[in-house]
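First residue of the sequence shown: 18, per the working numbering; consecutive thereafter. Here is the structure we will look at, set down as structure tokens.
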Amino acid sequence: IIINKHLLDKLGAKVPASVSDLLALCQKAAAAGIPCLALGGADQFTLLQTWENIFLAVGGPLKFMQFLYGTLPPDDPSIVQATQLYLNLTKYLSPDWASLDWTGCVADIVQGKALAHVDGDWAVGLIYNVYPNVTMCPADNITPNCDVIFAPFPGTQGVYSLVIDSVAVPVGPEEQGGLLFAKFFAGPQGQSIFNPIKGSIATYKNISASIYPTPIQRWEVEQYRSARFYVFSLTHGGLFSDVWQSLLQQIVVLTQTGRADLWYSTAAKALQTEKAEWDGWYLGFPGNKFWGNATASP
18 IIINKHLLDK LGAKVPASVS DLLALCQKAA AAGIPCLALG GADQFTLLQT WENIFLAVGG
78 PLKFMQFLYG TLPPDDPSIV QATQLYLNLT KYLSPDWASL DWTGCVADIV QGKALAHVDG
138 DWAVGLIYNV YPNVTMCPAD NITPNCDVIF APFPGTQGVY SLVIDSVAVP VGPEEQGGLL
198 FAKFFAGPQG QSIFNPIKGS IATYKNISAS IYPTPIQRWE VEQYRSARFY VFSLTHGGLF
258 SDVWQSLLQQ IVVLTQTGRA DLWYSTAAKA LQTEKAEWDG WYLGFPGNKF WGNATASP
């Protein structure tokens, strides 16, 4: 979560440590006439990743990964709890949320038009490259000159959510060059070139944190290396594309209408589809082992 420090100070508040804290902070901001959450309806994904972070906070990493594999019961109470909290929090969205994309949300935080935004580390790269006069700081080392605070989403401390990206190599006369490109930038040397600019960090734990130009990236390295659990983001690569698309579309409906019943139905179908696609394509099943590595029984 990304927070404008000046607005936080104006409210006399602290960085929220739980979803309940965040809700109380939003209520306090609303009373002061400050939009609390800048989320982007235009590109939709910041809505879904906010729901998934709430779900991670209330359900924990095991249930989170069960959702990814489709093995979580669709009536699990954590889905309902996360959804109700999401609906409560989204009462405090910026009034123009439907027209914002993630870059507009970050701009609103930087410019003090909203208090907080939920996003990935690419927001670090955007601020570093586009707003060079803005000082970023991590929540555990808030400096006097800090403008924007980065913190784990409330309630997810100790859990590191990994984003899955990929590089497509087209078939053709330059295919070998494409493969070399992909392998290079997936390796330590390429990662050391790419990540400092992107605002992200490399998964290689032997790459020194000193290569990163921002204190947030160096803090992220510490968070990554000391995490108790790791999960794959549902919004960013953890789900099959058809499931991801259905949830992405329905989260907008949920945000606009508050129709939790439609969201629960979509989530139940998503879980069913995830399990079917993992079983049939990747994990194997009795009589049809995937690459010979699956066990004889589910």
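Ideal Cβ placement from N, Cα and C applies to all residues, glycine included. Here the structure is a predicted model, which means the values were calculated and not measured.
Out of curiosity, what's the CA-to-CA distance linking residue i and residue j?
i           : j           : result
residue 81  : residue 198 : 33 Å
residue 221 : residue 205 : 7 Å
residue 247 : residue 256 : 16 Å
residue 67  : residue 225 : 30 Å
residue 129 : residue 143 : 16 Å
residue 96  : residue 180 : 21 Å
residue 291 : residue 279 : 18 Å
residue 264 : residue 65  : 7 Å
residue 315 : residue 231 : Caution applies to residue 315, whose pLDDT of 38 falls short of 50 and renders its modelled position unreliable; the value that the coordinates give is listed next. Cα to Cα, the separation comes out at about 46 Å.
residue 260 : residue 277 : 18 Å
residue 268 : residue 293 : 22 Å
residue 107 : residue 190 : 50 Å
residue 283 : residue 194 : 42 Å
residue 69  : residue 253 : 11 Å
residue 83  : residue 112 : 35 Å
residue 104 : residue 240 : 29 Å
residue 49  : residue 43  : 10 Å
residue 30  : residue 243 : 27 Å
residue 223 : residue 275 : 46 Å
residue 262 : residue 73  : 20 Å
residue 200 : residue 227 : 23 Å
By Cβ distance, which residues of its chain are closer than 7 Å to residue i, with the 5 residues on each side in sequence left out?
i           : result
residue 47  : 53, 109
residue 98  : 75
residue 295 : 86, 87
residue 60  : 118, 119
residue 285 : 91
residue 196 : 186
For residue i, collect the residues of the same chain with a Cβ closer than 6 Å to its Cβ; drop the 5 residues on either side in sequence, then sort them by chain order.
i           : result
residue 57  : 63, 117, 118, 119, 122
residue 35  : 171, 172
residue 245 : 175
residue 156 : 32, 166, 168
residue 212 : 218, 219
residue 18  : 133, 135, 168, 170
residue 272 : 64, 107
Assuming residue i is part of the alpha helix (DSSP H), what are its boundary residues?
i           : result
residue 210 : 205-215
residue 24  : 22-28
residue 71  : 62-86
residue 268 : 258-274
residue 31  : Unbroken run through residue 31: none, as it is neither H nor E.
residue 241 : 232-243
residue 280 : 277-294
residue 127 : 119-127
My understanding is that residue i touches residue j, with C-beta atoms under 8 Å, so please give their C-beta distance in whole angstroms.
i           : j           : result
residue 166 : residue 20  : 4 Å
residue 176 : residue 78  : 5 Å
residue 115 : residue 55  : Not a contact, Cβ separation roughly 12 Å.
residue 210 : residue 234 : With 8 Å as the limit, residue 210 and residue 234 do not qualify as a contact, their Cβ atoms being about 14 Å apart.
residue 45  : residue 28  : 5 Å
residue 183 : residue 250 : In fact, because the Cβ distance is near 14 Å, the residues do not count as touching under 8 Å.
residue 237 : residue 138 : 6 Å
residue 140 : residue 216 : 7 Å
Return the first residue and the last residue of the beta strand (DSSP E) that residue i is part of.
i           : result
residue 247 : 246-249
residue 109 : From DSSP, residue 109 is part of no beta strand (DSSP E); its letter is neither H nor E.
residue 177 : 176-179
Provide the residue(s) that pair with residue i in DSSP beta bridges, ordered along the chain.
i           : result
residue 143 : None; residue 143 has no bridge partner.
residue 165 : 21, 153
residue 134 : 19
residue 54  : 110, 133
Once you ignore the five residues that flank residue i on each side, which residues in its own chain have a CB closer than 8 Å to its CB?
i           : result
residue 102 : 36, 40, 71, 75
residue 22  : 154, 159, 163, 164, 165, 166
residue 359 : The structure shown does not extend to residue 359, since the chain is modelled only from 18 to 315, so the question has no answer here.
residue 185 : none
residue 281 : 91, 96, 97, 100
residue 1   : Shown here, the chain extends from 18 to 315; a query on residue 1 therefore has no answer.
residue 192 : 186
Kindly indicate if chain D contains any beta-carbon less than 8 Å away from that of residue i.
i           : result
residue 155 : Absent from the structure: chain D. Only one protein chain is present.
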